[in-house]
Amino acid sequence: MSDTSVSATRLTDLANPTRFIALADRLIPFAYALAAILLGVGLYMSFTAPEDYQQGITVRIMYIHVPFAWLSMMCYSIMAISALGTLVWRHPLADVALKAAAPLGAAFTLLALATGSIWGKPMWGTWWVWDARLTSVFVLFLMYLGIIALTRALDDPGRSAKAAAIVTLVGFVNIPIIKFSVDWWNTLHQPASVIRLDGPTIHSSMLWPLLVMAAGFTVLFLAFHLTAMRTEIWRRRVSAMRRLAARRADGGAS
Amino acid sequence: MRLIAEALCGERGGEPVFGPVDFALGQSEALVVTGENGSGKSTLLRVVAGLLPSASGAVRLEGAEDEQVASAAHYLGHQNAMKTALSVNENLDFWRDFHGEPFLTNEEALDEVGLADLGHLPFGYLSTGQRRRVSIAKLLVSYRPVWLLDEPTAGLDARSERRFAALMAAHLEDGGIIVAATHIPLGIEGATSLVMGDR
Amino acid sequence: MLALFIRDIRLGIRAGGGALVGVLFFLAVVAVVPFGVGPDLNLLARIGPAMLWIGALLAGLLGLDRLFQADREDGSLDLLILGDTRHMLALTVFVKCLAHWTASILPLVVASPLLGLFMNMEPVAIFATSATLLAGTPAIAFIGAVGAAVAVALPRGGLLVSVLVLPLVIPVLIFGVSAAYGAANDPQPFLPPFLILCALTLFFAVIGPFAAALALKSASD
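Protein chains in written order, with our numbering: chain Y, 16 to 269; chain V, 964 to 1162; chain B, 67 to 287.
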């Protein structure tokens, strides 16, 4: 009696990821193709766009730096929504989405930091300043790494899901606080000398390539995310089958 | 080769736990140590293995290259000495390499304990009884004449117990020596019995 | 012995291992410093090598308490001790220390130049700090092994290991930091403190494993 009900809920749980995988299989090639086209066009546009009269060629790094920075934040938002999905709606895919997004978010944040650093060297004369924005992005990077470590620490996905979701949400609440406190902390020590990243208002000849690049990287991120989610679902199935194999080994032999 | 204990006494934290105990085991002989909880079965085995110093008396291995028991013995303790994060094969490979004197392959050893085809699984996925059987397979991947077994059948079902009894019989037939502490009959024929705690 | 090395590295890297956490801890400790002292780049450049060293020291202590305790809990430690007749126990300890260093401390030595950039350090100072970390951090693992072996049987040994080990590694810290400063500031020498640092590592590579092996043998019950 209880056995059949357990297996019934298992089946509905499995059905959802199965449909997801079917959907992902169809979507992923298109997503990669679209990302390739957008990025190709975007790269062409950003190299034909006029150079900045102050910054010269170095301004071109903006076309990848800004999308990376934007994705580092969007990815965390996706993770926060997934965390809500795990805790409130108990959706079986939410935890998969969170776990798959964390390394991507960390990678994009690292790329944003690295490109910002490379951009900053000729502009500011130093690789790194403890500016409010840079610092809060660095804290974001540390939070990503912490969540990755947490999702890896527990072998059993069921147990790590809730812990990761809670930490992600606490981090989401924490990000504005870090941002504001760092602003306050920073202006206290270095009032006006910090060079702002957001600089002069952007001319439309630079805005369009930037938008295309941002769209291209966003689609690329979604493609990566779908791929990673699919991989994670397969990984969990393999793990479940191995556990089953361990249990069957006795039952089958006797 | 003879495993000899003379007036062996053991202590824990300064308190005498057992002794004096005498035994002499030749090849193909087994000693089954029984007794109540706390009678010093585990302590006796650890003293024989050389993990604990004896309060008085001595253990020695006659007719071996090395008089120390540790170099000729497998010690199977309460814990399985396996890492849950590694696969069964990785665990067995490590112990074969560490103990030296390779004997059976992983597949053969796992087959002997009824766990063939499970070598690729992480050790952490196995049930309690399966874990115990893997650690019994560890006795087979490298060869040691003396087996020191502490509650070897803990967590095993009846079928696995019989299988293990057959393995022990085969080891004795090969000229091995077994000292086992247990409260469950192990099914070793012709074993000497030593009851602890009768003083 | 190679098998033991590979096994411990695998355990450190696989899920549940502490290697990644150690590097994270290092990043976090060093990143916290500017929050404490303020974003003054000149000041950060001056204290940079010391902060990297302190961060590495704390991160190196982090996983030490598990060095032998994990093996004790699953019974492996008994067998490692019994293996003394085949492989000297001190050698086993040495290999375990080396694996611990490779899996959890080497990554943060590799990460240290990046943090040097964050601290606005000169390229020479960054290079010198990384070199001193590479030469000096093995000593932390070897000294730490003694603390870990002494505290192996204690239920809450983790804190005790840190308290025991920290005073012992102070010489390593002194010579490591002074060598790093020596490279960056001209009047101070680099080579003498660096060579003393190397000597300390070699010295503890011998003393540490022997002392730890002795402690492990007497701790088994």
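The beta-carbon is built from N, C-alpha and C at its ideal position, and this holds for glycine as well.
Span separating the alpha-carbon of residue i from that of residue j
i: Phe-232/Y; j: Ala-121/Y; result: 15 Å
i: His-204/Y; j: Phe-101/B; result: Reliability of the predicted coordinates at His-204/Y is poor, the pLDDT of 45 falling under 50, and the value obtained from them is presented with this limitation in mind. Cα to Cα, the separation comes out at about 11 Å.
i: Ala-993/V; j: Ala-219/B; result: 33 Å
i: Gly-1150/V; j: Ala-1121/V; result: 11 Å
i: Lys-1004/V; j: Ala-1044/V; result: 20 Å
i: Gly-1082/V; j: Val-1051/V; result: 5 Å
i: Ser-178/B; j: Ile-192/B; result: 8 Å
i: Leu-70/B; j: Val-1022/V; result: 29 Å
i: Leu-123/B; j: Pro-115/B; result: 12 Å
i: Pro-983/V; j: Ser-1105/V; result: 33 Å
i: Ile-75/B; j: Arg-112/B; result: 35 Å
i: Arg-73/B; j: Ala-95/Y; result: 37 Å
i: Asp-1074/V; j: Thr-130/Y; result: 56 Å
i: Ser-208/Y; j: Asn-108/B; result: With a pLDDT of 36 at Ser-208/Y, under the threshold of 50, the modelled position of this residue cannot be trusted; read the value that follows with caution. Each residue's Cα considered, the two are about 14 Å apart.
i: Leu-128/B; j: Phe-184/B; result: 23 Å
Amino acids of chain B, ordered along the chain, whose beta-carbon sits closer than 9 Å to that of residue i
i: Val-3/Y; result: Here chain Y has residues from 16 to 269 only, and residue 3/Y is not among them.
i: Leu-291/Y; result: No information on residue 291/Y is available, as it lies outside the stretch 16 to 269 that chain Y covers here.
Contacts that residue i makes with chain V (C-beta to C-beta distance below 7 Å)
i: Ser-289/B; result: Summary: the structure shown does not reach residue 289/B, with chain B confined to residues 67 through 287, and so no result is reported for it.
Simplified DSSP assignment, three categories, for residue i
i: Gly-1138/V; result: coil
i: Ala-217/B; result: coil
i: Trp-249/Y; result: helix
i: Glu-992/V; result: coil
i: Pro-1016/V; result: coil
i: Val-89/B; result: helix
i: Ile-72/B; result: helix
i: Leu-130/B; result: coil
i: Ser-1050/V; result: strand
i: Val-1158/V; result: strand
i: Arg-258/Y; result: helix
i: Thr-997/V; result: strand
i: Glu-978/V; result: strand
i: Ala-40/Y; result: For the record, residue 40/Y in the displayed sequence is Asp; it is not Ala. If DSSP states are grouped into helix, strand and coil, Asp-40/Y belongs with the helices.
i: Pro-115/B; result: helix
i: Asp-1080/V; result: coil
i: Ala-116/Y; result: helix
i: Asp-985/V; result: strand
i: Gly-104/B; result: coil
8 Å contact criterion, which residue i and residue j should meet: CB distance rounded
i: Phe-92/B; j: Leu-174/B; result: 4 Å
i: Thr-1145/V; j: Thr-997/V; result: 7 Å
i: Met-228/Y; j: Tyr-78/Y; result: 5 Å
i: Ala-117/Y; j: Ile-163/Y; result: 5 Å
i: Phe-986/V; j: Leu-1157/V; result: 6 Å
i: Gly-213/B; j: Gly-126/B; result: Rounded, the Cβ-Cβ distance is 12 Å, inconsistent with contact.
i: Ala-238/Y; j: Ala-50/Y; result: 6 Å
Proximal chain Y residues relative to residue i, where beta-carbon distance stays under 7 Å
i: Val-95/B; result: Result: empty, since nearest Cβ-Cβ is about 11 Å, beyond 7 Å.
i: Leu-1089/V; result: Ala-261
i: Val-55/B; result: Since the first residue of chain B shown is 67 and the last is 287, residue 55/B is not available in this structure.
i: Leu-1078/V; result: Ala-264
i: Pro-100/B; result: Trp-145
Residue interval of the alpha helix (DSSP H) (run including residue i)
i: His-1037/V; result: Premise fails: His-1037/V lies in the beta strand (DSSP E), 1036-1039, not in any alpha helix (DSSP H).
i: Trp-104/Y; result: Counting along the chain, Trp-104/Y falls outside any alpha helix (DSSP H), and DSSP gives it neither H nor E.
i: Gly-182/B; result: 172-184
i: Leu-230/B; result: 223-250
i: Leu-1103/V; result: 1091-1104
i: Leu-263/B; result: 257-285
i: Trp-85/Y; result: 77-99
i: Arg-80/B; result: First-last for Arg-80/B: undefined, no H or E at that position.
i: His-1146/V; result: Per DSSP, His-1146/V belongs to no alpha helix (DSSP H) and is neither H nor E.
Opening and closing residue of the beta strand (DSSP E) in which residue i lies
i: Arg-1023/V; result: 1019-1025
i: Gly-965/V; result: Per the sequence shown, the amino acid found at residue 965/V is Arg instead of Gly. Residues 965-975.
i: Thr-1068/V; result: No beta strand (DSSP E) contains Thr-1068/V, which DSSP labels as neither H nor E.
i: Asp-144/B; result: Note, Asp-144/B: premise wrong, no beta strand (DSSP E); alpha helix (DSSP H) at 142-148.
i: Val-1109/V; result: 1109-1113
Contacts that residue i makes with chain B (C-beta to C-beta distance below 7 Å)
i: Gly-161/Y; result: Leu-90
Chain Y residues whose Cβ lies nearer than 8 Å to that of residue i
i: Leu-1084/V; result: Arg-257, Ala-260, Ala-261
i: Leu-1081/V; result: Ala-260, Ala-261, Ala-264
Per-residue contacts from residue i into chain Y (C-beta, under 9 Å)
i: Leu-183/B; result: Ser-132, Thr-141, Trp-142, Trp-143
Contact list for residue i against chain V, beta-carbon separation under 8 Å
i: Arg-73/B; result: Lys-1046, Leu-1049, Glu-1053, Phe-1057
i: Thr-151/B; result: Asp-1029, Gln-1031, Ala-1033, Ser-1034
Contact set between residue i and chain B, taken where Cβ atoms lie within less than 8 Å
i: Tyr-1038/V; result: Asp-144, Leu-145, Leu-148
i: Leu-157/Y; result: Leu-90, Leu-93, Ala-94, Ala-97
Proximal chain A residues relative to residue i, where beta-carbon distance stays under 7 Å
i: Phe-153/Y; result: No chain A appears in this structure, whose protein chains are Y, V and B.
Proximal chain V residues relative to residue i, where beta-carbon distance stays under 9 Å
i: Leu-70/B; result: Phe-1057, Asp-1060, Phe-1061
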